[in-house]
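**Q**
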Amino acid sequence: MSIGSVFAPDGPLSRRLRGYQPRPQQQEMAERIAATIDSRGVLVCEAGTGTGKTFAYLVPALLSGARVILSTGTRHLQDQLYRKDLPLILEALDLPLRHALLKGRSNYLCPHRLDLAVRDQGGRDRQLEHELATVRAWAARTASGDIAECEGVGEGSRIWPRVTSTTENCLGQKCPRFED
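Start counting the sequence shown at 228; every next residue gets the next number (the numbering used here).
#1: Would you decide whether Ser-229 is buried or exposed? Buried here means 16 or more other CB atoms lie within 10 Å of its CB.
#2: Confirm, please, whether the CB-CB distance from Ala-319 to Leu-240 is below 7 Å.
#3: Which runs of the beta strand (DSSP E) fall wholly inside the segment 256 to 330 and span at least 3 residues, in chain order?
#4: Can you grab the Cα-Cα spacing for the pair Ile-316 / Phe-282, in whole Å?
#5: In the structure shown, what three-state DSSP assignment does Asp-237 receive?
#6: Flag this pair as yes or no: are the beta carbons of Ser-333 and Thr-393 separated by less than 7 Å?
#7: With a CB to CB cut of under 7 Å and the five nearest residues on each side skipped, what residues in its chain are close to Gly-238?
#8: Determine the closest residue to Ala-274 out of Arg-259, Gly-268, Asp-306, with distance taken between C-alpha atoms.
#9: Thinking C-alpha only, which one of Asp-373, Glu-358, Leu-270, Leu-355 is nearest Gly-331?
#10: When DSSP builds the beta bridges, which residues end up paired with Leu-336?
#11: Can you give me the start and stop residues for the alpha helix (DSSP H) that Ala-360 sits inside?
#12: Going straight from the alpha carbon of His-303 to that of Glu-358, what length do you get?
#13: Taking the Cβ atom as the reference point for each residue, do Ala-366 and Leu-336 lie within a distance shorter than 7 Å?
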C-alpha cells in the first residue's frame with residue numbers, strides 16, 4: 228500500500244472517514260516522512276492548522292513496519308492520538324499492529340501522596356480543596372490511576388504535583404502503600 232493510495236480520493240481514509248478531502252500538503256508531508264523513515268534520516272516538518280499533520284506522520288510510521296515512538300506535547304493530544312486517531316487509521320488500513328501507551332510516573336496517582344495531601348490540607352485554598360475532594364472521589368473508583376481519567380481537574384492543576392510521585396520523592400519499597 229502506497230502513501231498516495233492511502234490519501235487518494237477513493238483510498239482507505241476516504242472510505243473510512245465521512246467528509247474526507249485529500250490535501251496535497253498532507254500527502255506531501257506523509258511522503259517526505261516515509262522517505263525519511265526509509266533512509267533512516269532526520270526531518271523537521273512544520274505545517275499549519277488543518278493540514279492533517281497527525282495522519283501525515285501516523286500513516287507512514289504505521290506502513291513502515293518499523294518500531295516507532297511518537298511523542299506529543301500534551302497529555303490531551305497523546306490521549307486523542309492513542310484513543311481516537313490511531314485506532315481509526317489502523318482500522319482504515321486494516322493493520323493489526325500492536326501498540327502501547329507509555330506515560331511517566333507523574334501521570335499516575337500515588338496513594339501515599341494522596342494520603343499526605345488529605346492529611347495536610349489546611350483550608351487555606353478553596354480551589355485546591357475542591358480539586359483534592361474531586362481527586363479523592365475519583366481515586367476510590369479508578370482502576371488505573373491514570374490522572375487523565377480524572378474529570379473536573381485540569382491537566383495543569385496545582386493538585387497533581389501533590390498527589391503524584393517523581394523519582395525524587397518516591398519511597399519505593401519503603402512506602403506504606405507499596406502493596407496497594
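Positions of the beta carbon are idealized from the N, C-alpha and C atoms, including for glycine.
Here the structure is a predicted model, which is why all the values come from computation and not from measurement.
**A** Here's the rundown:
#1: Burial call: exposed.
#2: In contact: Leu-240 and Ala-319 (Cβ atoms closer than 7 Å).
#3: Entirely contained in the segment 256 to 330, not one beta strand (DSSP E) run reaches 3 residues.
#4: Rounded to the nearest angstrom, the two C-alpha atoms are 8 Å apart.
#5: In the three-state scheme derived from DSSP, where H, G and I count as helix and E and B as strand, Asp-237 is classed as coil.
#6: In this structure, Thr-393 lies closer than 7 Å to Ser-333 by Cβ.
#7: Here the set comprises Ser-232.
#8: Comparing alpha carbon positions, the residue from Arg-259, Gly-268, Asp-306 closest to Ala-274 is Arg-259.
#9: It is Asp-373 whose Cα lies nearest to the Cα of Gly-331.
#10: In the DSSP assignment, the residues bridged to Leu-336 are Thr-391.
#11: Residues 353 to 366.
#12: Between His-303 and Glu-358, the C-alpha separation is close to 19 Å.
#13: Cβ atoms of Ala-366 and Leu-336: closer than 7 Å.
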